[in-house]
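The opening residue of the sequence shown carries number 3 in the numbering used here; numbering runs sequentially from there. We put the beta carbon where it would ideally sit given N, CA and C, even for glycine. Please read the structure below before turning to the comments.
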Amino acid sequence: MLDYYQVMELFSPEERQVQAAARKFLDAEVMPHIRDWWEQGTFPRHLIRAFGEMGFLGSNLPEEYGAAGVSNNAYGLIMYELERVDSGLRSFASVQGALVMYPIYAYGSEEQKREYLPKLAAGEIVGAFGLTEPDGGSDPGGNMKTKAVKDGDHYVLNGTKMWITNGSIAQIAIVWAKDEEGRILGFIVPTDTPGFSAPEIHHKMSLRASVTSELVLEDVRVHKDQLLPGSGSLRAPLSCLTQARYGIAWGALGALEAVYTEALEFAKSRITFGRPIAARQLIQDKLVYMLSEHTKGLLLAWKLGKMKDAGTLKHTHVSLAKRNNVRVALESARLAREILGANGITVEYHAIRHMLNLETVDTYEGTHDIHTLILGRDITGENALT
Ligand code: TGC
Ligand code: FAD
Numbered sequence: 003m004l005d006y007y008q009v010m011e012l013f014s015p016e017e018r019q020v021q022a023a024a025r026k027f028l029d030a031e032v033m034p035h036i037r038d039w040w041e042q043g044t045f046p047r048h049l050i051r052a053f054g055e056m057g058f059l060g061s062n063l064p065e066e067y068g069a070a071g072v073s074n075n076a077y078g079l080i081m082y083e084l085e086r087v088d089s090g091l092r093s094f095a096s097v098q099g100a101l102v103m104y105p106i107y108a109y110g111s112e113e114q115k116r117e118y119l120p121k122l123a124a125g126e127i128v129g130a131f132g133l134t135e136p137d138g139g140s141d142p143g144g145n146m147k148t149k150a151v152k153d154g155d156h157y158v159l160n161g162t163k164m165w166i167t168n169g170s171i172a173q174i175a176i177v178w179a180k181d182e183e184g185r186i187l188g189f190i191v192p193t194d195t196p197g198f199s200a201p202e203i204h205h206k207m208s209l210r211a212s213v214t215s216e217l218v219l220e221d222v223r224v225h226k227d228q229l230l231p232g233s234g235s236l237r238a239p240l241s242c243l244t245q246a247r248y249g250i251a252w253g254a255l256g257a258l259e260a261v262y263t264e265a266l267e268f269a270k271s272r273i274t275f276g277r278p279i280a281a282r283q284l285i286q287d288k289l290v291y292m293l294s295e296h297t298k299g300l301l302l303a304w305k306l307g308k309m310k311d312a313g314t315l316k317h318t319h320v321s322l323a324k325r326n327n328v329r330v331a332l333e334s335a336r337l338a339r340e341i342l343g344a345n346g347i348t349v350e351y352h353a354i355r356h357m358l359n360l361e362t363v364d365t366y367e368g369t370h371d372i373h374t375l376i377l378g379r380d381i382t383g384e385n386a387l388t
């Protein structure tokens with residue numbers, strides 16, 4: 003692992019073992035194929051069970067529900083390794099763990115936890131998280147048009163969700179909807195319920211090795227037992243986003259390592275004007291930027307994990323790390339692409355794939371600018387969002 007400051011010394015032997023095992027598996031089983039899958043626009047569904055066996059899914063949740071029960075920093079290292087291969091793989095694991103298992107764990111009944119969490123952890127079933135709607139994702143509370151109307155022992159759901167990861171391959175979807183009093187409720191919706199459909203979104207130039215879908219709910223009747231009983235306000239879905247953003251702050255650094263390593267190797271062997279381009283100050287400046295940002299980002303992520311374990315983490319801390327680490331990874335991917343010259347425009351090299359993926363990562367889970375405004379509101383007490 004790229005580690006210029008020996009930051010890994012701060013991790014426990016168990017955490018380092020988790021990282022090494024994840025890298026070994028992913029380098030053997032996934033890295034050799036990822037370019038093709040990305041180019042073909044295919045998510046490797048055959049790996050889902052293996053991800054479960056490796057403990058990649060919701061691994062920071064307790065063992066009693068079938069999860070691996072590892073520390074938040076070990077979980078972060080798994081996200082790092084997944085995204086070193088491709089943001090789409092980390093996205094799959096983020097949604098399954100942070101956006102489907104976490105809400106069931108945090109807001110579900112004991113029966114719901116026992117029913118769903120072990121199957122999700124094992125990769126026996128896949129979940130999706132439907133919060134964003136077609137009229138805009140940055141303001142999920144204000145823009146939410148999906149309705150939940152009580153009808154005896156059932157709720158009837160109507161609405162449309164947009165840009166939903168795993169939507170078309172999921173067996174369950176966590177759907178957020180407003181009831182007649184305007185409360186925001188979460189439901190576990192089996193995707194074979196009549197009235198539910200999930201058409202896949204095509205023609206993406208980013209996150210191509212990931213399934214992205216629309217969720218259409220037309221008079222979908224779900225029993226009241228499918229309601230997450232602890233939900234009831236925007237705070238519930240936003241708290242799930244905090245979990246996913248935490249993993250993204252780690253994952254983006256994996257992508258940064260991939261593009262830095264590739265650009266460094268290329269620069270050492272590419273000869274122009276009689277010398278390797280690595281000998282040029284302009285190239286070294288780009289490489290040093292990438293290495294510095296990776297090193298700073300890793301320390302930020304490590305400290306974030308410690309605060310999460312200690313229970314002192316605020317969601318604004320996570321906003322700072324997600325915003326920073328994704329943007330420096332994106333800038334690094336753009337620089338790596340530049341160092342590669344014409345070679346950098348093909349998917350034979352990793353840089354452009356990561357660069358295009360990171361455009362999504364910079365946008366989802368709160369855009370870069372939304373996190374600026376979240377932090378700005380926190381430090382000034384002035385709300386520039388509305
Ligand atoms: P606001 O007044 O800020 O918050 C309402 C209540 O929620 C609390 N809160 C949070 N709690 C936990 N975690 C967070 N991140 C929280 N953010 C806010 C807040 O304290 C308040 O609590 P209370 O008790 O006072 O009621 O609500 P707002 O409407 O002003 O929200 C604005 C904003 C910008 C913070 C929020 O809407 C937002 O985060 N927007 C961005 C939306 C977003 O990130 N969507 C992501 C959808 S999922 C996705 O993209 C998956 S991609 C796949 C992958 O992860 O890989
Ligand atoms: P908008 O909210 O319409 O914003 C458009 C632009 O306006 C942005 O640049 C934004 O920063 C800016 N802007 C918005 N408000 C303000 C303001 N107040 N001040 C200044 N600027 C502002 N969502 C889910 O619920 N589940 C998923 O699984 C999921 N997966 C995704 C997968 C992919 C591949 C993608 C691309 C998106 C996914 N999303 C998912 C949706 C994602 O969370 C949203 O795209 C994101 O929240 C931004 O919403 P939007 O795209 O509608 O942009």
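Item                                                                                                  : Value
Distance CB(Thr-193)-CB(Val-97) smaller than 8 Å                                                      : no
Heavy atoms of the ligand FAD versus C-beta positions, residues under 5 Å                             : Phe-131, Leu-133, Thr-134, Gly-138, Gly-139, Ser-140, Trp-165, Ile-166, Thr-167, Leu-209, Thr-214, Thr-362, Tyr-366, Thr-369, Asp-371, Leu-387
Residue range of the beta strand (DSSP E) that includes Thr-214                                       : 214–225
Counted within 10 angstroms of its Cβ, other Cβ atoms place Gly-313 as buried (16 or more) or exposed : exposed
Residues that Gly-138 bridges to, as DSSP identifies them                                             : In the DSSP output, where bridge partners are listed per residue, Gly-138 has none listed.
Element boundaries [alpha helix (DSSP H), containing Asn-385]                                         : First-last for Asn-385: undefined, no H or E at that position.
Backbone secondary structure at Met-56 - three-state DSSP                                             : coil
Check: Thr-297 C-beta below 7 Å from any heavy atom of the ligand TGC                                 : no
Residue span of the alpha helix (DSSP H) that contains Ala-123, given as start and end                : 112–124
C-beta atoms of Pro-239 and Trp-178 nearer than 8 Å                                                   : yes
For Leu-49 and Ala-2, the rounded distance between their alpha carbons                                : With the chain covering only 3 through 388, there is no way to say anything about residue 2.
Gly-143 CB to nearest heavy atom of the ligand TGC below 7 Å                                          : yes
Proximity winner among Ala-331, Glu-350, Val-224, relative to Phe-268 (alpha-carbon distances)        : Glu-350
Val-97 Cβ short of 7 Å to the ligand TGC heavy atom set                                               : yes
Given Pro-142 as reference, the closest of Gly-383, Glu-112, Leu-243 once Cα atoms are compared       : Leu-243
Rounded C-alpha distance that separates Val-222 from Leu-342                                          : 51 Å
Between the CA atoms of Met-146 and Ala-303 - distance to the nearest angstrom                        : 32 Å
Limits of the alpha helix (DSSP H) - the one that Phe-68 falls within                                 : As written in the sequence, residue 68 is Gly, which differs from the Phe given in the question. No alpha helix (DSSP H) contains Gly-68, which DSSP labels as neither H nor E.
Ile-376: CB within 7 Å of a non-hydrogen atom of the ligand TGC                                       : yes
Distance CB(Arg-355)-CB(Arg-37) smaller than 8 Å                                                      : yes
Euclidean distance between Cα positions of Asp-311 and Ser-73                                         : 7 Å
Best match in Leu-84, His-205, His-156 for proximity to Gly-191 [C-alpha to C-alpha]                  : The displayed chain sequence assigns Val, not Gly, to residue 191. Out of Leu-84, His-205, His-156, His-156 has the C-alpha closest to the C-alpha of Val-191.
Minimum Cβ-Cβ distance from Trp-304 to chain B less than 8 Å                                          : Included in the structure is just one protein chain, with no chain B present.
Leu-79: CB within 7 Å of a non-hydrogen atom of the ligand TGC                                        : no
Arg-325, DSSP secondary structure in three states                                                     : helix
Exposure of Ser-271, with buried meaning 16 or more beta-carbon neighbours within 10 Å                : exposed
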